[in-house]
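Q: Let me give you the structure first, and then I'll get to my questions.
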Amino acid sequence: MAEQLLHFGTWQYNLDSQTFVWSDGLYFLLGYTPGEFELNLENILTIIHPDDRQSSLEQMQATINTGQPYNSQKRYIHKNNETIYVQSIGILQYNEAGKPIQIIGVLHDITVQVKEKERLKLLESVVVNTNDAVIITEAEPIDSSGPKILYVNAAFTQMTGYTAEEVMGKSPRILQGPDTDKTELEKLKKAQKSWQYCEITVLNYKKNGQPFWCNMQIKPIANAQGWFTHWIAVERDVTEQRKLQTLLDESNELAQIGSFEIDVVHNKVYWSPITKQIREVAPDFEPDLQTGISYFNGEKNQSVIAQRVYNCIEKGTPWDEELEIITYKGNPKWVRTIGRGEFQDGRCIRVIGSFQDIDKRKRTEQELLKLYEERNTILESIGDGFFAVNTQWEVLYWNYMAEQLLQVPKSEIVGRNLWEIFGDFTQSQSWMNYHKALEIQQLIHFEDFHPGLQKWFDISVYPTPNRLSVYFRDITTSKIAQEAIASSNERYDLIAKATNDCIWDWDLKKNTVVRPGKIIEQLLGYAPLPPEEVDAFWATHVHSEDWKRMSEIRAELYKNPKESFWEDEYRFKRPNGQYAIIFDRGFIIRDKEGTAIRIIGASRDVTREKEHTNEIKRIQQNLDALINATNDFIWSVDANMNLITANNAYCQFVANVEGLWPKEGDAIVRPSFSHAMNQKWAPLYRRALNGEAISFEETIIHPITGNIIYNLVSLTPIKASNGAITGIACYAKDISDVKKAGIQLELLNEDLKKQAVALATSNAELEQFAYVASHDLQEPLRMVTSFLTQLEKKYAKQLDEQAKIYIHFAVDGARRMRQIILDLLEYSRVGRLGEKAEKFSVADLIDEIKILYRQQIDQKSAEIQVKQLPVLFQPKAPVRQVFLNLIQNALKYGKQGVPPIIQIQATDADLYWQFGVQDNGIGIDTDYFEQIFIIFQRLHTRDEYEGSGMGLAITKKIIENLGGKIWVASKLGEGSIFYFTVPKSAMNAIKE
1 MAEQLLHFGT
11 WQYNLDSQTF
21 VWSDGLYFLL
31 GYTPGEFELN
41 LENILTIIHP
51 DDRQSSLEQM
61 QATINTGQPY
71 NSQKRYIHKN
81 NETIYVQSIG
91 ILQYNEAGKP
101 IQIIGVLHDI
111 TVQVKEKERL
121 KLLESVVVNT
131 NDAVIITEAE
141 PIDSSGPKIL
151 YVNAAFTQMT
161 GYTAEEVMGK
171 SPRILQGPDT
181 DKTELEKLKK
191 AQKSWQYCEI
201 TVLNYKKNGQ
211 PFWCNMQIKP
221 IANAQGWFTH
231 WIAVERDVTE
241 QRKLQTLLDE
251 SNELAQIGSF
261 EIDVVHNKVY
271 WSPITKQIRE
281 VAPDFEPDLQ
291 TGISYFNGEK
301 NQSVIAQRVY
311 NCIEKGTPWD
321 EELEIITYKG
331 NPKWVRTIGR
341 GEFQDGRCIR
351 VIGSFQDIDK
361 RKRTEQELLK
371 LYEERNTILE
381 SIGDGFFAVN
391 TQWEVLYWNY
401 MAEQLLQVPK
411 SEIVGRNLWE
421 IFGDFTQSQS
431 WMNYHKALEI
441 QQLIHFEDFH
451 PGLQKWFDIS
461 VYPTPNRLSV
471 YFRDITTSKI
481 AQEAIASSNE
491 RYDLIAKATN
501 DCIWDWDLKK
511 NTVVRPGKII
521 EQLLGYAPLP
531 PEEVDAFWAT
541 HVHSEDWKRM
551 SEIRAELYKN
561 PKESFWEDEY
571 RFKRPNGQYA
581 IIFDRGFIIR
591 DKEGTAIRII
601 GASRDVTREK
611 EHTNEIKRIQ
621 QNLDALINAT
631 NDFIWSVDAN
641 MNLITANNAY
651 CQFVANVEGL
661 WPKEGDAIVR
671 PSFSHAMNQK
681 WAPLYRRALN
691 GEAISFEETI
701 IHPITGNIIY
711 NLVSLTPIKA
721 SNGAITGIAC
731 YAKDISDVKK
741 AGIQLELLNE
751 DLKKQAVALA
761 TSNAELEQFA
771 YVASHDLQEP
781 LRMVTSFLTQ
791 LEKKYAKQLD
801 EQAKIYIHFA
811 VDGARRMRQI
821 ILDLLEYSRV
831 GRLGEKAEKF
841 SVADLIDEIK
851 ILYRQQIDQK
861 SAEIQVKQLP
871 VLFQPKAPVR
881 QVFLNLIQNA
891 LKYGKQGVPP
901 IIQIQATDAD
911 LYWQFGVQDN
921 GIGIDTDYFE
931 QIFIIFQRLH
941 TRDEYEGSGM
951 GLAITKKIIE
961 NLGGKIWVAS
971 KLGEGSIFYF
981 TVPKSAMNAI
991 KE
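As structure tokens, this is what we get:
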């Protein structure tokens, strides 16, 4: 029961029988009942998480091999398939003979702790990486200096310029300055004293003194006992938003736009200062709903606004009305009122809206309606629809508005001939102007009527050598308006407001220009002009070249009584000095004698159209340059298997075959090609048009040289935005040189295989020779050593000290010679043993070496420090030998009386790990940095340090054989660092 309450269980593992014993608590922990399955290693591994099985086995084996305590964090699969995290701890037990017999341990469920840790890491990541500044302070004091800062994130530093070190322990008040709103700070202090959440926006100051507007949300943090221990503030630089709000307020004031609010719940009404100005009431006037409605002029206006407010509150219907009011001072005034409701639980709680003074505009409109009873205005606008065709009239692009306006879905027209779809339009105005634009390569504006849709369209055509870009818009309303204007001024006014163009009326006798709706110079950034100043303003802001041309053309039109229309396109200077492109069209009104007395027309800004067309031209030019910069074949095919475009290389090839340069719209399966070629390519094109991306190699005969050409071909479907396949992008690269090189490479590989076999045989023979030679060389040395040792033992009393010294020298020389032979044999074997690569932890490998050198480490009081070593996929034995040699050298060449400290670390170097083995030993002179890696090169006598001078040479050969390199950095008397690189995976070494 205690185990279940505390979420742990005990276990035993018998080394002889390889069986486990679990306590009831452990069964319960994993969701099983005792005896539910056989407790053997194979079964237990199945409920350990797959990613943790290998490490569990390795840790268990390490405990058995070394006697070190077992300590493992891993994941188990609960019977209900949930993953639980556990900490398993165990110790190895021995029998009386000192033989290990079993491991006993305890397993704790740490799932809650692990998940809480992960949650905390996630929260920490959010705080650290958020774009908002986060500040954590002490809870108190609230008064005097304020609470001290305990934490700030990187976003705080980016926002204020203060680093965490500069503000830690200080109060957030270091950000405040002379213009910080004291009222807002008092509001914050009041909230803090009552331990309440607070949000304020104040002017703070950065480290460099620059002011910025800061929105801060401050919240108290309580501990588990409910005591408030900290404040956390989330802060954001809202300077730009503040500027925009200020600009909006100023704009509203300039535009005379106020606001209002109706509190439905409490039956209260709020008017903004500008709304009070418009209504001409005192600043402290307190309005109510009945008073607000009663200010509207007449029963009709009052009825309209009362109904709108009622519908908004009851039905949620917003309103936008232009109505007349009578101000508090008795002045009539036109206003635009907009309102919408806010609802909570299905009930309207308030109505908010805007209140704009439009009296001047409205009076001007009414004046214009009285002055101009007859209107025959050309109302045009830039086309909302857009499509593009090539020179063969195949539709390349068809936008959404084109679908809506012409009622033809994109899927039914893209890739098809325009005139197949619009067959009734051949010889129409559109047909003639499209052909003319292609012919003269100039922009054309015109209007055309669609009989089937009973719609008029205004059309702008922008040609390039390879295609037409067509913009069009529905001007049916404008056309109808032209007929209605003469008899209905009110209808004209509504149309003027509905259109996006700027309508104007130029009185040629008075030289005044009036506009009932939008004003072009205002749209371009200028203030509105009085009617008598418009022409003079135009003369100074239209480009001088264009103004001269326009003036001359208009003068000629005025003289000719038969001319009724004028249109032109010109450049108009903006306030920033740049030019907008304006398209103007006007209708000339003449008196009975035929003299031009007025022009009624409209202006529109076509800058974006021109820029779009120029961008299309630029992209097309870049594309042409790109595809013609290569000798590879590049061509594209439409859905009807006709050529869209092709580069010069492709066209030249076709011209070599049939004598004619191919052109856009030609059938891609050409009669001049061989039957076999067409039989092959036609199905490939059809597969690509069905959505399949195709890549293959083909062999062709050059039509002129007769040489065999190897091509790598790819056919990629071209898809429209709706996923419809409109064509194929085709590419063929000449890989003849690569193919020939491949054939030569295959021949070379055969030679290399033969050489490899011969080399393998030679290596085997060399290995055998080295072994025999080393054995034959060692045998006499063993005999010399044996006989001299026997001689010393048997005749020790007869030999004087000098003879004993001679014997010692002889034995020592034989021993050293034997070690040299063994080292030479080891050196010759490096890279020839064919060890298999395996995955292993370098840290575990170092632990093995520490066990091997435990006695020497203890004798010298040495310390081996390891820092985050990686996992390698390499032959393990050679890597172990490298670390053995370097650690052995670090222990050997230590300073007298100073405990050796050996530091081993690794850094990530892309495809490699760079290791460093650092010691605090005697160091190496820079003159010998290269010499130490050469066999038999020693820097010290054998009396000073033992060794054959082969260790670093062997190390260097191993590392180079693994695909890495080794070097040293050292100072005499301070120690050395041996650096070496090893590929992260044996596969990387193969690639290199």
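Under our numbering, the first residue of the sequence shown is numbered 1, with each subsequent residue one higher. Glycine is no exception: its CB is placed at the ideal position from the N, C-alpha and C atoms.
On the DSSP bridge assignment, give the partners of PHE537 in chain order.
A: Here residue 537 corresponds to residue number 537 of the sequence shown, with the count starting at 1. Answer is none; PHE537 lacks a bridge partner.
Q: Quick check on this structure: which residue in THR716, ALA724, TYR710, ILE718 has the alpha carbon closest to the alpha carbon of ILE735?
A: The residue given as residue 735 occupies position 735 in the sequence shown. Among THR716, ALA724, TYR710, ILE718, the Cα nearest to that of ILE735 is on TYR710.
Q: May I have a chain-ordered list of the beta strand (DSSP E) segments no shorter than 3 residues that lie completely inside the stretch 531 to 583?
A: If we require 3 residues or more, the beta strand (DSSP E) runs fully inside the stretch 531 to 583 come out as 565 to 573.
Q: Could you tell me the alpha carbon to alpha carbon distance between PHE633 and ILE966, rounded to whole angstroms?
A: On the sequence shown, position 633 is the one that residue 633 refers to. On the sequence shown, position 966 is the one that residue 966 refers to. For PHE633 and ILE966, the distance between alpha carbons rounds to 49 Å.
Q: From the DSSP output, which residues share a beta bridge with CYS730?
A: Locating residue 730 in the sequence shown gives position 730, where the first residue counts as 1. The partner list for CYS730 (beta bridge, DSSP) reads TRP635, LEU715.
Q: Specify the secondary structure class of VAL669 as computed by DSSP and reduced to three states.
A: Numbered from its first residue, the sequence shown carries residue 669 at position 669. Three-state result, VAL669: coil.
Q: Where are the beta strand (DSSP E) runs, 3 residues long or more, that stay fully inside the stretch 57 to 114, in chain order?
A: If we require 3 residues or more, the beta strand (DSSP E) runs fully inside the stretch 57 to 114 come out as 70 to 77, 83 to 94, 100 to 109.
Q: CB-CB under 7 Å to ALA773, same chain, minus the five flanking residues each way: which ones, in chain order?
A: Translated into the one-based positions of the sequence shown, residue 773 becomes position 773. Here the model assigns ALA773 a pLDDT of 47, short of 50, so the residue's position is not dependable, and the following value carries that caveat. Counting only Cβ-Cβ distances below 7 Å, and skipping sequence neighbours, we find nothing.
Q: Could you tell me the distance, in whole angstroms, from the CA atom of HIS230 to the CA atom of ILE200?
A: As a first step, residue 230 is located in the sequence shown; it is residue number 230 there, counting from the start. As a first step, residue 200 is located in the sequence shown; it is residue number 200 there, counting from the start. If I take the Cα positions, the gap works out to 19 Å.
Q: Determine whether the beta carbon atoms of GLY385 and ALA402 lie at a separation below 9 Å.
A: In the sequence shown, residue 385 corresponds to position 385, counting from 1. In the sequence shown, residue 402 corresponds to position 402, counting from 1. Yes.
Q: Touching or not, the stretch 91 to 110 and the stretch 194 to 208, by the rule of three or more beta carbon pairs under 8 Å?
A: Verdict: no, contact absent.
Q: In chain order, what residues of the same chain lie with their CB nearer than 6 Å to the CB of TYR94, ignoring the 5 residues before and after it?
A: Indexing the sequence shown from 1 puts residue 94 at position 94. Only PRO100 meet the Cβ criterion.
Q: Reducing DSSP to helix, strand and coil, say where ARG350 ends up.
A: Start at 1 with the first residue of the sequence shown, and residue 350 comes out as number 350. Of the three classes helix, strand and coil, the one that applies to ARG350 here is strand, per DSSP.
Q: Per DSSP, what kind of secondary structure is GLU321 in: helix, strand or coil?
A: The residue you call residue 321 lines up with position 321 of the sequence shown. Note: GLU321 maps to strand in three-state DSSP.
Q: Is the Cβ-Cβ distance between LEU529 and GLU521 less than 9 Å?
A: Reading the sequence shown from its first residue, position 529 is the one you call residue 529. Reading the sequence shown from its first residue, position 521 is the one you call residue 521. Going by C-beta atoms, LEU529 is nearer than 9 Å to GLU521.
Q: Specify the secondary structure class of LEU443 as computed by DSSP and reduced to three states.
A: Position 443 of the sequence shown, counted from the first residue, corresponds to residue 443. Coil.
Q: Assuming LEU643 is part of the beta strand (DSSP E), what are its boundary residues?
A: Locating residue 643 in the sequence shown gives position 643, where the first residue counts as 1. It spans 643 to 646 - the beta strand (DSSP E) in which LEU643 sits, taken as one unbroken run.
Q: Taking 9 Å as the cut-off, decide whether the C-beta atoms of GLY586 and GLU567 are in contact.
A: The count along the sequence shown starts at 1 and reaches residue 586 at position 586. The count along the sequence shown starts at 1 and reaches residue 567 at position 567. It is a contact, given that the beta carbons lie within the stated cut-off.
Q: Could you tell me which residues DSSP puts in a beta bridge with GLU342?
A: Within the sequence shown, the letter at position 342 stands for residue 342. According to DSSP, GLU342 bridges with ARG350.
Q: Tell me the DSSP bridge mates of GLY9?
A: In the sequence shown, residue 9 corresponds to position 9, counting from 1. Paired residues: LEU107.
Q: Ordered along the chain, which non-local residues of its own chain (more than five positions away) have a Cβ less than 8 Å from that of ALA909?
A: What you label residue 909 is simply residue 909 of the sequence shown in a count that begins at 1. Excluding residues within five positions, the ones whose Cβ falls inside 8 Å are THR981.
Q: Measure the C-alpha to C-alpha separation of GLY383 and LEU405 and round it to an integer number of angstroms.
A: Taking the sequence shown and counting its residues from 1, the one referred to as residue 383 is at position 383. Taking the sequence shown and counting its residues from 1, the one referred to as residue 405 is at position 405. Low confidence applies here, because GLY383 scores a pLDDT of 48, under 50, leaving its location unreliable and the question unanswered by this model.
Q: Please determine, among GLN790, SER985, ASN920, GLN931, the residue with the shortest C-alpha to C-alpha distance to PRO875.
A: Here the question's residue 875 lines up with position 875 in the sequence shown. Comparing Cα positions, the closest option is SER985.
Q: Tell me which same chain residues have a C-beta within less than 6 Å of the C-beta of ASN511, skipping the five on either side of it?
A: The residue you call residue 511 lines up with position 511 of the sequence shown. Answer for ASN511: ASP535, listed in chain order.
Q: May I ask you to list the residues that DSSP assigns as paired with LYS839?
A: Taking the first residue of the sequence shown as position 1, residue 839 is located at position 839. LYS839 is bridged to PHE873.
Q: By how many angstroms is the C-alpha of ILE864 removed from the C-alpha of SER88?
A: Residue mapping note: residue 88 aligns to position 88 of the sequence shown, counting from 1. Residue mapping note: residue 864 aligns to position 864 of the sequence shown, counting from 1. Each residue's alpha carbon lies about 27 Å from the other.
Q: To the nearest angstrom, how far is it from the Cα of GLY25 to the Cα of ASP52?
A: Counting from one through the sequence shown, the residue named residue 25 turns up at place 25. Counting from one through the sequence shown, the residue named residue 52 turns up at place 52. The alpha-carbon atoms of GLY25 and ASP52 are separated by roughly 22 Å.
Q: If we count Cβ pairs, one from each stretch, closer than 8 Å, do we get three or more for the stretch 75 to 92 versus the stretch 34 to 50?
A: Short answer: they touch.
Q: From SER1080 to GLU532, what distance separates their C-alpha atoms?
A: No information on residue 1080 is available, as it lies outside the stretch 1 to 992 that the chain covers here.
Q: Note down the Cα distance separating ALA596 from GLU552, rounded to an integer number of angstroms.
A: Position 596 of the sequence shown, counting from 1, holds the residue named residue 596. Position 552 of the sequence shown, counting from 1, holds the residue named residue 552. Distance between the alpha carbons of ALA596 and GLU552: 15 Å.
Q: Indicate whether GLN903 and ASP919 have their beta-carbon atoms separated by less than 9 Å.
A: Numbered from 1 along the sequence shown, position 903 holds the residue referred to as residue 903. Numbered from 1 along the sequence shown, position 919 holds the residue referred to as residue 919. Yes, they are a contact pair.
Q: On the three-state DSSP scale, how would you describe TYR162?
A: Taking the first residue of the sequence shown as position 1, residue 162 is located at position 162. TYR162 falls in the coil class under three-state DSSP.
Q: Using 8 Å as the Cβ pair cut-off and three pairs as the minimum, do the stretch 577 to 592 and the stretch 448 to 457 touch?
A: The stretch 577 to 592 vs the stretch 448 to 457: no contact.
Q: Under the rule that 16 or more other beta-carbon atoms within 10 Å means buried, what is VAL265, buried or exposed?
A: For the purposes of this step, residue 265 is identified with residue 265 of the sequence shown, where counting begins at 1. Exposed, because fewer than 16 other Cβ atoms sit within 10 Å of the Cβ of VAL265.
Q: Give me the Cα-Cα distance between TRP419 and GLU692, rounded to the nearest whole angstrom.
A: Against the sequence shown, residue 419 aligns to sequence position 419. Against the sequence shown, residue 692 aligns to sequence position 692. Approximately 30 Å between the Cα atoms of the pair.
Q: Who are the near neighbours of THR907 in its chain, counting only those whose CB is closer than 7 Å to its CB and skipping five residues on each side?
A: Reading the sequence shown from its first residue, position 907 is the one you call residue 907. So the qualifying residues of the chain are GLN914.
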